[in-house]
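Chains as they are written, first to last, in this note's numbering: chain S, 1 to 223; chain V, 1 to 223.
Everything on this sheet refers to the single structure shown next.
2 protein chains.
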Amino acid sequence: MDKPLKKSRKSTQGWKQNPQAVQRDILRVAMREFAENGLSGARIDDIAAKTATSKRMIYYYFGDKESLYARALEAAYAKVRDGEDKLDLAGLPPDEALAKLVEFTFDHHRANPDFIRMVMIENIHHAAYLKQSKMIRSLNEAAISQLAGIIARGQAQGCFRPGLDPMMMHWQISALSFFNVSNKPTFSALFGPALFTRAGQDDLRAQAVEAILAYARNLEDTP
Amino acid sequence: MDKPLKKSRKSTQGWKQNPQAVQRDILRVAMREFAENGLSGARIDDIAAKTATSKRMIYYYFGDKESLYARALEAAYAKVRDGEDKLDLAGLPPDEALAKLVEFTFDHHRANPDFIRMVMIENIHHAAYLKQSKMIRSLNEAAISQLAGIIARGQAQGCFRPGLDPMMMHWQISALSFFNVSNKPTFSALFGPALFTRAGQDDLRAQAVEAILAYARNLEDTP
DNA sequence: ATAAAATTGTACTGGCTGGTTAATTGCGTC
DNA sequence: GACGCAATTAACCAGCCAGTACAATTTTAT
């Protein structure tokens, strides 16, 4: 990866040319534009205009629009991944760990609307570009195994019911967290903004936790 | 609405020109194309080609692309509305009524993927076109009041807990049902197709019912 | 029958937009 | 200080595509 020249950080500092920074800049802008307008809706000229560089550079580094989109999608995933390891569930009892996981997921989705929009757009495209990315798949397996661990602990301890499936539970948690961001516009257009105020969101989150926990809990357990 | 002329059905029968059928045809095709490709991705020429009529007619009846999209969105809503009144919950005990409602919603979403895609696309557009439609709002209030009725009955009867909010519960049911269709491509790209087989879907639906009921149930009730 | 209105076909256009050609500058190396 | 390569710039192009001009034809009203 890194050329073992004297190209440490010092030597790159005074450069006028800075290819990596240019590419990062392009990706940053591209992600926002694609997230906002979709693949066909985004304009290369607009992306270029909001960049510190030019349209020609976009084609120089990324080839064509679709490749840029694919890279922007990966960048979006990479960006949310960074935020995810801030969650520490070690040492918590299973039910608290699960509650905290749901809360975290809910908040984390809410904090990354551009990522959500990218995923929405990707779903519109039948995940055609996601399928081709090897980089992305690895991230999500961690989520499943983490959940599997919590479930196993809870079952061993008797407070979770048997027969819980980690992937299905992940699906459920994702559904509530994702929908809350993805469908906010239509939902609030149809039913008013009540659910998307601060108080409404707190309620929704608590309700999501409640529903997941109520489902997972072993009824035989608490007398 | 209906002009009280001799324009009953007989007089329209021998027509060569049939404006209403032409418009319906255009809307049908437009809905599919917009659902598949989005607003900016859809091509008027493609829509015209798949119609029995010509591009000129699209502009004659609908003015421009955005208006056609707005009308197609309304048509999508109108189409799903038709399927919704097939659900009869009268006479069922509250918990069974709620279970049946969740099952129905889940299935109904799954049976109308094009509608789901239109709503996804509309969310990408921040519901800009949905907001302008007076026609659509009315439909969804029925869903809330139906749910409110079930909740009220259940609470009166003691089997549902107090403090349940119909809109929030609708949000939750919608989230699970919607996400199941909207995010199928990315989810199955990331986690494999297991959840979207016949058996997987049956499980997911049962799990959704379970989670909603577990949340609504009054724990004090069943000894 | 006849005029007026509604509907339809053909051919076209103009601006947008993804992508390119070619010339120029910066940078490390010998 | 010239050579080679990477990075950058500016001007340009060709095809696409929403939307139109105009005329022809069909239907309805009288």
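Using N, Cα and C, we set each Cβ at its ideal position, and we do this for glycine too.
Would you give the residue range spanned by the alpha helix (DSSP H) that histidine 109 (chain S) belongs to?
Counting along the chain, the unbroken alpha helix (DSSP H) around histidine 109 (chain S) starts and ends at 94 to 111.
Ranges of the alpha helix (DSSP H) found wholly within the segment 119 to 187 of chain V, counting only runs of at least 4:
Taken in chain order, the unbroken stretches of alpha helix (DSSP H) that lie wholly in the segment 119 to 187 of chain V and span 4 residues or more are 128 to 131, 134 to 157, 166 to 182.
Which of helix, strand or coil does DSSP assign to arginine 117 (chain S)?
helix
Residues sharing a beta bridge with arginine 217 (chain S), DSSP:
S:Phe160
Can you look up glutamine 17 (chain V) in the DSSP assignment and give me helix, strand or coil?
coil
Strictly below 9 Å CB to CB, what residues from chain V border glutamate 232 (chain S)?
Examination of residue 232 (chain S) is not possible in this model, given that chain S is present from 1 through 223 alone.
Tell me which same chain residues have a C-beta within less than 6 Å of the C-beta of glutamate 122 (chain S), skipping the five on either side of it?
Leu130
Aspartate 203 (chain S) - DSSP class collapsed to helix/strand/coil:
The answer is helix: DSSP assigns aspartate 203 (chain S) an H, G or I state.
Arginine 71 (chain S) by DSSP, collapsed to three states: which one?
helix
My assumption, with CB atoms under 8 Å, is that tyrosine 77 (chain S) sits in contact with leucine 139 (chain S). Please give the rounded CB distance.
6 Å
Compare the C-beta of histidine 109 (chain V) with all C-beta atoms of chain S and state if any pair is closer than 8 Å.
With 8 Å as the cut-off, histidine 109 (chain V) does not count as an interface residue toward chain S.
So histidine 170 (chain V) and alanine 208 (chain V) are supposed to be a Cβ contact under 8 Å. How far apart are they, rounded?
Not confirmed; about 13 Å, so no contact.
In or out: proline 94 (chain V) buried (at least 16 other Cβ within 10 Å) or exposed?
buried
Label alanine 156 (chain S) either buried or exposed according to how many other C-beta atoms from any shown protein chain fall within 10 Å of its C-beta, with 16 as the threshold for buried.
exposed
List the endpoints of the continuous alpha helix (DSSP H) containing arginine 43 (chain V).
Per DSSP, arginine 43 (chain V) belongs to no alpha helix (DSSP H) and is neither H nor E.
Using a C-beta to C-beta distance shorter than 9 Å, which residues of chain S count as neighbours of arginine 117 (chain V)?
Asn123, Ile124
Can you confirm whether arginine 137 (chain S), when its beta carbon is compared against all beta carbons of chain V, has any partner nearer than 8 Å?
So yes, arginine 137 (chain S) belongs to the interface.
With three or more C-beta pairs closer than 8 Å as the rule, is the segment 188 to 200 of chain V touching the segment 108 to 122 of chain V?
no
Starting from lysine 55 (chain S) and walking both ways along the alpha helix (DSSP H), at which residues does that stretch end?
55 to 62
Taking contact to mean 3 or more Cβ pairs, one atom from each stretch, closer than 8 Å, check whether the segment 170 to 184 of chain S and the segment 179 to 187 of chain V are in contact.
Remark: three or more beta-carbon pairs, one from each stretch, lie closer than 8 Å, so the segment 170 to 184 of chain S and the segment 179 to 187 of chain V are flagged as touching.
Starting from methionine 168 (chain V), find everything on chain S with Cβ-Cβ shorter than 8 Å and list it in chain order.
Leu195, Asp203, Leu204, Gln207
Does the separation of the CB atoms of phenylalanine 106 (chain S) and valine 80 (chain S) fall below 8 Å?
At least 8 Å separates the beta-carbon of phenylalanine 106 (chain S) from that of valine 80 (chain S).
Cβ contact (3+ pairs, closer than 8 Å) linking the segment 43 to 53 of chain V and the segment 25 to 45 of chain S
no
Measuring alpha carbon to alpha carbon, tell me which residue in V:Leu101, V:Ala128, V:Thr53 is nearest aspartate 25 (chain V).
V:Thr53
Could you work out which residues of chain S lie near tyrosine 270 (chain V), taking near to mean beta carbons separated by less than 7 Å?
No statement about residue 270 (chain V) is possible, as the shown extent of chain V runs from 1 to 223 and does not include it.
Of all Cβ atoms in chain V, is any one closer than 8 Å to the Cβ of alanine 214 (chain S)?
yes
Give a yes or no on whether the minimum CB-CB distance between glutamine 172 (chain V) and chain S is below 8 Å.
Closer than 8 Å to some Cβ of chain S, the Cβ of glutamine 172 (chain V) qualifies, so yes.
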